[in-house]
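The working numbering puts the first residue of the sequence shown at 867, with every later residue one more than the last.
We treat Cβ as the ideally placed atom computed from N, Cα and C, and that holds for glycine.
These numbers come from a predicted model, not from an experiment.
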Amino acid sequence: MKKKIIGIVGVLLLISAGVLLVRHRKAELAQVPLPAEVVPAVETAPVVKGIFPETKRFLGTLSAKEAADLAPRVTGSLVEVRVREGAKVKKGDLLARLDDRLERDKVAEVRAELAAAQTALVTQEAIYRRDADLFAAKAISREAMDRSHSVRDAARARVTALSHELHTAKTNLSYTRITAPCNGVITARLADPGDLAVPGKPVLAMETPDLGYFVSVKVPQDLFPKLRVGGKAFLLPGLDGGPKLSARISRIHPAVRAGTLAVVELDVIPSPFGLPTGATLDVDLVIRQHQGWRVPTRALLENTDAVYLYRIKDDETIHIEKITLLSRGPEWAVVSGAIPEKARVVTAQESALLRLHEGETVRIVHSQE
867 MKKKIIGIVG VLLLISAGVL LVRHRKAELA QVPLPAEVVP AVETAPVVKG
917 IFPETKRFLG TLSAKEAADL APRVTGSLVE VRVREGAKVK KGDLLARLDD
967 RLERDKVAEV RAELAAAQTA LVTQEAIYRR DADLFAAKAI SREAMDRSHS
1017 VRDAARARVT ALSHELHTAK TNLSYTRITA PCNGVITARL ADPGDLAVPG
1067 KPVLAMETPD LGYFVSVKVP QDLFPKLRVG GKAFLLPGLD GGPKLSARIS
1117 RIHPAVRAGT LAVVELDVIP SPFGLPTGAT LDVDLVIRQH QGWRVPTRAL
1167 LENTDAVYLY RIKDDETIHI EKITLLSRGP EWAVVSGAIP EKARVVTAQE
1217 SALLRLHEGE TVRIVHSQE
């Protein structure tokens, strides 16, 4: 009985000690200051009111207005190519040369035959004049006179034929020399000395930068009615960045059949961003104009039935504004709604916007201008 009482007393003491310990811990925790409330950090951008273009972005290809592939008109082995890519040339400059030994031999052969034929013609002319005098004195027959006339005419015809043959041989000799057809720049060297050059196979390619370039853009046929010659467009730089260039639509070629693309061409002088012929670049074509507010695309939160902006109020709290989306591009959108002047909106990924709520206090860490 005494042991039982001692056990009960021990249990009660343990319980009392536990209660005292819990009370002590609670008192300590009550004295610990609560952690400060975390205020979300956000980036903002201003909204701008005005009339802004709605654009569609396409991939364009740069081409020279005047370009040429230089190929020989005869077959032969290349013995010399004088230029490389980037070389500036003038009209008539010798750019490449083929092995011309056969052509030179042909010219020499025909020239020798022509010289012999001309000598023979001189002789036949003298014989014909003498025979004419003899025929007038009735010293030779009509038949002999006719034969002399025929031989003289045959000698003349041979000289004429050989003159044409010599001209042809010289022309073929000139075909072994590839010269610049105009002032310009070499854009490609497609063959080297020792290669076999054949008609129609280019040895060099060149273009004329002074005449300018054009950017061709393929667009869907349903967009064709919204475009016009003289319409605005913008050429965008590549990864290096920099300002975009303004351009105008110069020509529009409709699709020739259903299911194909129309072609829009924009003339540019000089080459945009220093790009080479054949390079591709992004082109924004202006479809129409909208009056409203321009905001960064990253400021939009789009649901299936509505579009929202997260506007920063004067007390740096969030106000979620429902707006109407007029147009949207890769970087900017145009919207309409009850947006005050000089308003600023939050720009962030959609997941970050979803974590913000109406009336929440935020901390601005970066503000675009």
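Query                                                                                                       : Result
Exposure of E1073, with buried meaning 16 or more beta-carbon neighbours within 10 Å                        : buried
Classification of A1027 by the beta-carbon crowding that lies within 10 angstroms, buried from 16 upward    : exposed
Segment contact, 8 Å Cβ cut-off, at least three pairs: the region 1048 to 1064 with the region 1082 to 1101 : no
Per-residue burial, R950 [other beta carbons within 10 Å of its own, 16 or more giving buried]              : exposed
Among F1080, K1084, V1200, the one whose alpha carbon lies nearest that of G1144                            : F1080
Burial state of Q1215 (16 or more Cβ within 10 Å)                                                           : exposed
Beta-carbon separation (whole angstroms), V955 vs P1065, contact threshold 8 Å                              : Not a contact, Cβ separation roughly 22 Å.
Cβ neighbour criterion (16 or more within 10 Å) applied to A1210                                            : At residue 1210 the sequence reads Arg, which differs from the Ala that was named. Buried, by the Cβ-count rule.
Rounded C-alpha distance that separates D1058 from E1197                                                    : 47 Å
Per-residue burial, T1146 [other beta carbons within 10 Å of its own, 16 or more giving buried]             : exposed
Beta-carbon spacing of K957, P1047 below 8 Å                                                                : yes
Within 8 Å, strictly: CB atoms of E1131 and S1082                                                           : yes
N- and C-terminal bounds of the beta strand (DSSP E) containing H1156                                       : 1146 to 1162
Beta-ladder partner(s) of P912, from DSSP                                                                   : R1210
DSSP three-state assignment for G1096, whether helix, strand or coil                                        : coil
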